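Encoded as structure tokens, the structure appears first; notes follow it.
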Amino acid sequence: MSLSNECFHNIATQWTPELEEQTESYRFYQGILTLPVAIIGLALNSVYIISASRVIYQHRVSRKFYVLQSNRAMGDVLACLVSFAFSEHVVFARHISLNVVQLLNTLFVGSFWSAMTSYVSMGLLKLYGYARPFDYKVHVTMRRCIWLIILSWVVFAIFVIFVLTMITLSKISPVWITDGKWLNRTAEAWLASMYWFRNMLTIFLYFFVIICFLITVIFLRRARRSSKFIHQITNNRRSVKAARRYFRIKLIKMALSVASLAVFHLPYTVWAILLEWSNDQCFLTGNYDKMQPLMGVVRICLLLRITVDAMVQIATDRRIRTALLVLLRIRNDSSLPDVSSCPTPRLSPSLRSVRSQTLLNGENKNRGINVSLRSIRSQCMFSSQENRDSPKAETVAQRNGVTFLFPG
Numbered sequence: 001m002s003l004s005n006e007c008f009h010n011i012a013t014q015w016t017p018e019l020e021e022q023t024e025s026y027r028f029y030q031g032i033l034t035l036p037v038a039i040i041g042l043a044l045n046s047v048y049i050i051s052a053s054r055v056i057y058q059h060r061v062s063r064k065f066y067v068l069q070s071n072r073a074m075g076d077v078l079a080c081l082v083s084f085a086f087s088e089h090v091v092f093a094r095h096i097s098l099n100v101v102q103l104l105n106t107l108f109v110g111s112f113w114s115a116m117t118s119y120v121s122m123g124l125l126k127l128y129g130y131a132r133p134f135d136y137k138v139h140v141t142m143r144r145c146i147w148l149i150i151l152s153w154v155v156f157a158i159f160v161i162f163v164l165t166m167i168t169l170s171k172i173s174p175v176w177i178t179d180g181k182w183l184n185r186t187a188e189a190w191l192a193s194m195y196w197f198r199n200m201l202t203i204f205l206y207f208f209v210i211i212c213f214l215i216t217v218i219f220l221r222r223a224r225r226s227s228k229f230i231h232q233i234t235n236n237r238r239s240v241k242a243a244r245r246y247f248r249i250k251l252i253k254m255a256l257s258v259a260s261l262a263v264f265h266l267p268y269t270v271w272a273i274l275l276e277w278s279n280d281q282c283f284l285t286g287n288y289d290k291m292q293p294l295m296g297v298v299r300i301c302l303l304l305r306i307t308v309d310a311m312v313q314i315a316t317d318r319r320i321r322t323a324l325l326v327l328l329r330i331r332n333d334s335s336l337p338d339v340s341s342c343p344t345p346r347l348s349p350s351l352r353s354v355r356s357q358t359l360l361n362g363e364n365k366n367r368g369i370n371v372s373l374r375s376i377r378s379q380c381m382f383s384s385q386e387n388r389d390s391p392k393a394e395t396v397a398q399r400n401g402v403t404f405l406f407p408g
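Position 165, counted from 1, in the sequence shown is what the UniProt record's numbering calls 165; the numbers after and before it change by one each time, with no gaps.
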């Protein structure tokens with residue numbers, strides 16, 4: 001990667017009409033337009049975090065996935081708060097500081113790291129659960145999910161420190177340091193390194209989330225076909241419909257979560273790709289004022305992802321809606337079971353996956369062994385208490401391969 005050092009010819013010029021135009025562009029496209037979307041996103045994600053914390057504390061849900069979803073929501077709340085600070089600075093400041101703008105932009109982009117980490121983690125967990133259901137129950141624990149969240153925020157801190165270091169080095173004049181070739185670089189060279197790292201990370205994570213989702217869908221369809229095969233053996237239409245509905249709901253919820261990121265992060269990803277593969281590295285610097293409308297649209301799209309994602313999670317999750325209604329005093333909490341009566345549910349592997357894997361392993365090892373999946377529904381014996389000396393008549397009824405005894 002060749003870095004240009006000729007972009008900022010007049011970086012030390014005085015306040016000019018061009019800078020005035022840049023200030024007005026900042027205030028309108030990245031200050032005024034983004035503020036309403038940030039307010040709505042902050043409110044919805046705050047409500048989601050409170051509701052999710054309530055159901056997690058009461059042990060009414062699978063805590064692993066809800067903790068990851070809450071981690072995503074916390075990153076979105078951070079993005080909304082940074083957007084608030086950015087809007088306040090560009091709207092009320094007389095002269096916009098480029099240092100403050102770069103710092104807030106770094107925090108704004110870095111806060112989406114938690115969202116991408118949560119999406120990738122949930123996709124990999126679902127993928128691992130359906131690919132290896134027995135190992136999933138043993139190896140995937142709540143403690144490891146917590147450590148994964150902590151690690152994601154540590155990586156976020158490293159990312160912010162690295163970018164701030166690049167920005168700080170860009171303020172050091174190359175005249176002061178002349179011994180080393182690495183430090184003998186101008187401001188745009190350091191900023192180009194920072195932008196390259198940030199854009200490549202964004203591009204990689206975007207496509208990685210989508211690829212993980214597609215692979216998970218493939219394994220979900222395989223598990224669905226296995227479940228359908230087993231339930232067709234039992235000639236139970238009701239079980240077949242239940243299996244289809246189970247996998248359909250799982251797939252729809254997962255598709256909505258990833259689709260919000262795929263749609264609303266697409267403009268920013270395309271923006272990053274065009275900047276990295278552009279032959280003119282000074283294009284953004286030379287047309288910075290003219291690019292403000294596009295940058296404002298990209299920022300609004302990122303904030304719309306925050307808003308839509310929170311709305312989808314609240315609308316499609318019955319437990320979150322119930323906790324929200326209780327929080328708003330619309331529904332009484334007395335109708336819900338207590339915490340003590342609700343043990344922590346373990347996210348065990350799918351029973352259908354376990355049955356299908358057992359059946360396939362049994363056929364491979366010994367084809368003479370038939371794995372029966374039909375349970376005995378009832379076996380009752382009634383005895384006459386009024387007349388113990390009278391003979392008992394046994395009626396044997398064959399129904400679905402199950403013997404029922406009805407004493408006379």
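We put the beta carbon where it would ideally sit given N, CA and C, even for glycine. Keep in mind that this is a model prediction, so the values were computed, not measured.
Asked, Found
"Using CA coordinates, which residue listed in H95, F204 and A79 is at the minimum distance from I306?", "A79"
"Just to confirm before moving on: does the CB-CB distance between S46 and V67 stay below 8 Å?", "no"
"Terminal residues of the continuous alpha helix (DSSP H) containing W277?", "Note, W277: premise wrong, no alpha helix (DSSP H); not H, not E."
"Alpha carbons only, please: which of S278, T322, A272 and T168 is nearest the one belonging to V298?", "A272"
"With 16 other CB atoms within 10 Å as the buried threshold, where does F92 fall?", "exposed"
"So, helix, strand or coil for T165, using DSSP?", "helix"
"Run through DSSP, which three-state label would V101 get?", "helix"
"Between the Cα of R318 and the Cα atoms of G31, A115, Y48 and Y26, which residue gives the shortest distance?", "Y48"
"Counting only the same chain and skipping the five closest in sequence on each side, list residues whose C-beta sits under 6 Å from that of L351.", "Note on L351: pLDDT 43, under 50, position unreliable in the model; the coordinate value appears next. No residues qualify anywhere along the chain."
"Between which residues of its own chain and P343 is the CB-CB distance below 7 Å, once the five residues before and five after are set aside?", "For P343, the predicted structure reports a pLDDT of 43, less than 50, and the residue's modelled location is therefore unreliable. A value from the coordinates is still provided. Taken in chain order, the residues that qualify are H59."
"If you follow the alpha helix (DSSP H) that M295 is part of, which residue opens it and which one closes it?", "Q292 to T316"
"At the level of alpha carbons, what is the spacing between L98 and F219?", "48 Å"
"Once DSSP output is grouped into helix, strand and coil, what is the label at residue 420?", "The displayed coordinates of the chain run from 1 to 408. Any statement about residue 420 would go beyond what the structure contains."
"Give the secondary structure of A93 by DSSP, where H, G and I count as helix, E and B as strand, and everything else as coil.", "coil"
"To which residues of the same chain is I56 closer than 8 Å at the C-beta, ignoring the five residues directly before and after it?", "R63, Y66, V67 and S70"
"Can you list, in chain order, the residues of its chain with a C-beta nearer than 6 Å to that of I161? Leave out the 5 residues immediately preceding and following it.", "none"
"If I measure Cβ to Cβ from S87 and keep anything under 8 Å in the same chain, skipping five residues before and after, which residues do I get?", "Q30, G31, I32, T34, L35 and A38"
"Taking the alpha-carbon positions, what's the I50 to S278 distance?", "44 Å"
"So, is I300 buried or exposed, given that buried needs 16 or more other C-beta atoms within 10 angstroms?", "buried"
"Please classify T165 as buried or exposed, where buried requires at least 16 other C-beta atoms within 10 Å of its C-beta.", "exposed"
"From this set, M194, V109 and L303, which residue's C-alpha is nearest V163's C-alpha?", "M194"
"Decide if M116 is buried, meaning its Cβ has at least 16 other Cβ atoms within 10 Å, or exposed.", "buried"
"Applying the criterion that 16 or more other CB atoms from any shown protein chain within 10 Å of the CB defines a buried residue, is Q200 buried or exposed?", "Correcting the residue identity first, residue 200 is Met in this sequence and not Gln. Classification for M200: exposed."
"With H, G and I counted as helix, E and B as strand and the rest as coil, what does DSSP make of H139?", "helix"
"Enumerate in chain order the residues of its own chain whose CB-to-CB distance from F208 is below 6 Å, with the five nearest sequence positions on each side excluded.", "none"
"With a threshold of 7 Å on Cβ separation, who are the neighbours of R27 within its own chain once the five nearest residues in sequence on each side are excluded?", "V90 and V91"
"Using a Cβ-Cβ cutoff of less than 6 Å, which residues in the same chain neighbour L205 once the five nearest sequence positions on both sides are dropped?", "M116"
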